Structure formats: C-alpha cells, structure tokens
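Engineer:
Numbering (my numbering), first residue to last: 184 to 667.
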C-alpha cells in the first residue's frame, strides 16, 4: 500500500486520539492509552446534510442533558439552536473574528435565555466544564461541507455536536510539502470558502507528520505556533517523526486542555490597525500561567519567579494568568495587582488589558487612589506602579488571596517601596516576579532571595528554537574615534 496523507498522517491522528485504526478498521480497547474521550464517527454516521455545520441531534441531546429548564421542555433546545444558527449565518456580515467572539460567549456559558419561572433569564450551558464525561467528543475525517464552495477538511473535532477544531494533514513523503501547506489551506482557503465552519472554532492545526503547528481563526501563518510537551526538555529540540507529533497532538487536543483554552486562554482584542483579532496562547504562556495558578492555589509557597525571554509574549502571559486567577473558585474572588516600575510599561500593560476587554480592571492615577482601592477591599485586577507604595500604611489589606504580579522583578524589588509593599501594606499577599531580561549572577541571586526559585523558565534557547523571539546578533568592531 502506497503511503499518502490519508492513510498515514490523517489516519494516525485519528488512531492517536480515538484508538481506531482506519487502515484496518480495528478499534483499540485500551481507553487509558487513548484518553477514553474522543469517539470516531465516519462522515456517514454523522446524520447531517452537507450544508450543516452543527450536528444538531447531538447538540440537542447535550442541551437537554446539561440544562434542567430545557430538560423540562425539550422544545426550548430548538430556540437555542436557532440562535446559534443565526450567529453562523452572520459571519458574512460581521466577519469571522466577531462571529467567533459572539459564539464563544455561548460556549463559555455567558449567555442567558428566558427559560426560568415567569420568563426569568437563566444561563444556558452548551458545555460542562466541570465534569468532562457529561460532554460528547466526536472525531471525524473527510468532513464534506458546502457553502460558497464544497470543501473537505481532513480532521474535524466536535464537542456536543459543535465543531471546535479543524485539522489538515499533508503527505510526509514529499520534501517540498510541509505543515505550512496545510496551514495555508486552512487559513487562506477553508476560512474564506466555508467560514461558517470556523465560527465556533477554538483552534486549527496543521501537520505533515514531522512538525505540528496551530493557530486561531484569521491568525497569519507567521504567528502559528508549535505545541510542546510540559516538562519534556528533549521535546524542545524539533525532532522528526509521527511519534513526537502524535504525543504533541494528544496533549494539545485533550478535552481538558481544549476547554481550558476555550474558557481561560482565548482573548479577543483590537490591534493597532483597529482590527478585531483573536489571540490564543503559545505553549510557554499556557504552561506559565497554569503554573502560577497552581502555585497560588497550593498556598504553601507565597512567591515565585517567572523568567520568559524578552519577546516571547510576557505581557499576554500576565493577562492570561490574571484572568484565570480571577476566575478560580478556590481563590474566592481574589484581588490581582499587576505592578510595573515605569510609566511606559504602565501604559503598555494597561493598553494590553484594555484592548482585550478584560473585565474588572482598575488603573490607579495616584498613591491615594491605590490605597483607597486596597483599603476598600476591591476584588478586581488593579494595575499600578511600585512608587505608589511609597507611603504604604501598615496592613492596608491583610487578605491572603491578594496576588501581586511584578513586572521586571529584577529591577526595583530590593528598594524601600517594595519592602513597604511586602512587609507593611500587603503582608499576606502572594508575590510572583516576572523578568524577560537575562539576569547577571548578582542580580539573579538577589531576585531569587526576594521571589524564591523559578516557577516557569522559557529561556533564550527555547525561545529561538520555537521562533517565539528573534536571535540576538552581535557585530564586533572597533571604535570609530579614539584618543592618542
């Protein structure tokens, strides 16, 4: 049998996710190995017409299962599906990113319908984020879809009948073909020809069996990113072979990971050209933010240091971390303080938070305003500067669910203002220091004395290998002027 993208890479992806070998039509009984979540269904088994994006029978069953009000009156499920269809159709008027943003409000459970007693509005759940087993996870191949044209994406993943992942597999045996060809097909062809299919999209991926890259809707190909395995240093070096791609795919597309990205790591922001764009995390941002949340939730060590090389997305890492910390139920509505040491950084980080429409963000114009927010026990994200702790009063706020994210932690945290903050103003807070600059040995030891050991490291070598930042180049030459 000759190898091609269908019987090698595409079928390998399905086997890796579901345990079903499409080359032999055999299914593995080892649910532990394959995650016991994704279930393979052939295109014929999906019970849909070629024009339909949603698996409506699957979606209706999920709505009834997850919503008591709809369970009591199953006709209400059709009203929700009607609303979702309207968003799919609107893509041609509002554009893909805005349609995706509106659909995400439904996916995240932020939308309500008048289904309660006396037409009281109640939240509608499309997905159960707490108990994964309450959802259905379907993987299919050669998914034929027709809108403006007929297209056939290689791999489509559905959660509760909603297509959330699109994948394109290319042949591994032609040197001229790479993951870029698959990404181009997704980004430049499918997103334009069958844009309704991408309205509910969490992410798309492309691989030729050697490398795996992923991106959000309308993400230019140069911003697609590789996925890495957590705590697997050897995987940072780009190794060839389906085995490594399979491990990365299984990790990225695990339902728990996808739903975490959907709920906590998907931002809709406005760029400098006033265009609406969608941002999902690179691996180092996802890993770093989750390590920060885990450290704070554990509560045993109330400090830590995050070193991510400059240019690798540290500002967005802080946004993701702050957003997820605020949503953690175990932290009981915490206050997150984002602390910078320069006016330009204050403007930059404030702009990043505001552009992404992060809710409950407060900026402080002066020392008194900061003190008032803390003394009034404000439970929001507060962006401030270190000098505003100059006259910090003793015990301004003694809660232990205050988390301070300190930018450029190696610069100002050994001074009087920082000591006022840590020992007088906020004595029970958690302190996480961020740095993106290579720290000289003396500074590193001092910074570690303040913030403790590293929680997350994304160094120069890893950043270059992942193309997350540009390499440094030095030119050694003599001085043009000298004194004789």
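The C-beta atom is built at its ideal place from N, Cα and C for all residues, glycine as well.
Only a predicted model underlies this, so the values are computations on that prediction, with no experimental measurement involved.
Would residue 492 and residue 411 be called neighbours here (beta carbons separated by less than 7 Å)?
Structural biologist: Result no, Cβ atoms of residue 492 and residue 411 do not sit closer than 7 Å.
Engineer: Taking only the alpha-carbon atoms, compute the straight-line gap between residue 617 and residue 546 and give it to the nearest angstrom.
Structural biologist: One C-alpha to the other measures close to 20 Å.
Engineer: How big is the Cα-Cα spacing for residue 350 and residue 282?
Structural biologist: Roughly 20 Å separates the two Cα atoms.
Engineer: Below 8 Å on the Cβ atoms is my guess for residue 198 versus residue 323; work out the distance and round it to an integer in Å.
Structural biologist: About 14 Å separates the two Cβ atoms, so there is no contact after all.
Engineer: Taking all protein chains shown into account, decide if residue 507 is buried (16 or more other Cβ within 10 angstroms of its Cβ) or exposed.
Structural biologist: Flag for residue 507 reads buried.
Engineer: To the nearest angstrom, report how far apart residue 270 and residue 316 are at their CA atoms.
Structural biologist: In a straight line, the C-alpha of residue 270 is about 27 Å away from that of residue 316.
Engineer: Could you name the residues of the same chain whose beta carbon sits closer than 7 Å to that of residue 454, not counting the 5 residues immediately before and after it, in chain order?
Structural biologist: If we look at residue 454 and ignore the five residues flanking it on each side, its Cβ neighbours are 460.
Engineer: To the nearest angstrom, how far is the alpha carbon of residue 669 from that of residue 320?
Structural biologist: For the chain, the structure presents residues 184 to 667; residue 669 sits outside this window and is missing.
Engineer: In the DSSP assignment, find the beta strand (DSSP E) that holds residue 545 and state where it starts and stops.
Structural biologist: That run of the beta strand (DSSP E) goes 544 to 546.
Engineer: Buried or exposed: which applies to residue 427, given that a residue is buried once 16 or more other Cβ atoms fall within 10 Å of its Cβ?
Structural biologist: By the neighbour-count rule (16 or more Cβ atoms within 10 Å), residue 427 is buried.
Engineer: Pop quiz: residue 286 and residue 346 are said to be a contact at Cβ under 8 Å. What is the actual Cβ separation, rounded to whole angstroms?
Structural biologist: Their Cβ separation, rounded to whole angstroms, is 11 Å, which puts residue 286 and residue 346 out of contact at 8 Å.
Engineer: Is it true that the CB of residue 463 sits closer than 7 Å to the CB of residue 399?
Structural biologist: Yes, these two residues count as a Cβ contact at 7 Å.
Engineer: Specify, as a first and last residue, the run of the alpha helix (DSSP H) that residue 579 falls within.
Structural biologist: Here residue 579 belongs to no alpha helix (DSSP H), and DSSP marks it neither H nor E.
Engineer: Provide the residue span of the alpha helix (DSSP H) that contains residue 277, from first to last.
Structural biologist: That run of the alpha helix (DSSP H) goes 258 to 277.
Engineer: What do you get for residue 571, buried or exposed, if any count of 16 or more other CB atoms within 10 angstroms of its CB means buried?
Structural biologist: Per the 10 Å Cβ criterion, buried.
Engineer: When we look at the beta-carbon of residue 458 and count the other beta-carbons within 10 Å, is it buried (16 or more) or exposed?
Structural biologist: So residue 458 counts as exposed.
Engineer: The alpha helix (DSSP H) with residue 362 in it runs from where to where?
Structural biologist: Taken as a continuous stretch (DSSP letters only), the alpha helix (DSSP H) holding residue 362 covers 362 to 367.
Engineer: Using three-state DSSP, classify residue 377 as helix, strand or coil.
Structural biologist: In this structure, residue 377 counts as coil in the three-state DSSP scheme.
Engineer: May I ask you to report which of helix, strand or coil DSSP gives residue 612?
Structural biologist: Three-state DSSP puts residue 612 in coil, outside helix and strand.
Engineer: Between the Cα of residue 649 and those of 639, 241, 494, 258, spot the shortest distance and give me the residue it belongs to.
Structural biologist: Comparing Cα-Cα distances from residue 649 to each of 639, 241, 494, 258, the minimum goes to 494.
Engineer: Just curious, the alpha helix (DSSP H) that residue 355 is in, first and last residue?
Structural biologist: Counting along the chain, residue 355 falls outside any alpha helix (DSSP H), and DSSP gives it neither H nor E.
Engineer: So, helix, strand or coil for residue 230, using DSSP?
Structural biologist: Reduced to three states, the DSSP call for residue 230 is coil.
Engineer: Determine the DSSP secondary structure at residue 329, reduced to helix, strand or coil.
Structural biologist: Correct three-state label for residue 329: strand.
Engineer: In this structure, how does DSSP classify residue 334 when only helix, strand and coil are distinguished?
Structural biologist: Strand, per DSSP.
Engineer: Do residue 229 and residue 238 come within 7 Å of each other at the CB atom, strictly closer than that value?
Structural biologist: Cβ distance < 7 Å, so residue 238 and residue 229 count as in contact.
Engineer: Report yes or no: do the stretch 351 to 365 and the stretch 252 to 259 share at least 3 C-beta pairs separated by less than 8 Å?
Structural biologist: No, the stretch 351 to 365 is not in contact with the stretch 252 to 259.
Engineer: Residue 202: buried (16+ other C-beta within 10 angstroms of its C-beta) or exposed?
Structural biologist: Buried, because 16 or more other Cβ atoms sit within 10 Å of the Cβ of residue 202.
Engineer: For a test of the three-state rule: what should DSSP assign to residue 222, helix, strand or coil?
Structural biologist: Looking at residue 222 - three-state DSSP - the assignment turns out to be strand.
Engineer: Have a look at 600, 303, 191, 559 and flag the residue whose alpha-carbon is nearest the alpha-carbon of residue 354.
Structural biologist: The candidate whose alpha carbon is nearest that of residue 354 is 191.
Engineer: Based on DSSP bridge pairs, tell me the residues matched to residue 486.
Structural biologist: Bridge partners of residue 486: 614.
Engineer: Measuring straight from C-alpha to C-alpha, what distance separates residue 441 and residue 301?
Structural biologist: The straight-line gap from Cα to Cα measures roughly 36 Å.
Engineer: By the 10 Å Cβ neighbour count, where 16 or more other Cβ atoms means buried, how is residue 668 classified, buried or exposed?
Structural biologist: The first residue shown for the chain is 184 and the last is 667, placing residue 668 beyond what the model contains.
Engineer: Hey, would you say residue 619 sits closer than 7 Å to residue 497, going by beta carbons?
Structural biologist: Closer than 7 Å, so yes.
Engineer: Might you give, ordered along the chain, the residues of its own chain that have their beta carbon closer than 7 Å to the beta carbon of residue 677, omitting 5 neighbours on each side?
Structural biologist: Because residue 677 is not part of the residues shown, which for the chain are 184 to 667, the question remains open.
Engineer: Hey, how far is the Cα of residue 521 from the Cα of residue 564?
Structural biologist: So the alpha carbons of these two residues sit roughly 7 Å apart.
Engineer: When the Cα atoms are used, what is the spatial distance from residue 558 to residue 484?
Structural biologist: When rounded, the distance between both Cα atoms is 25 Å.
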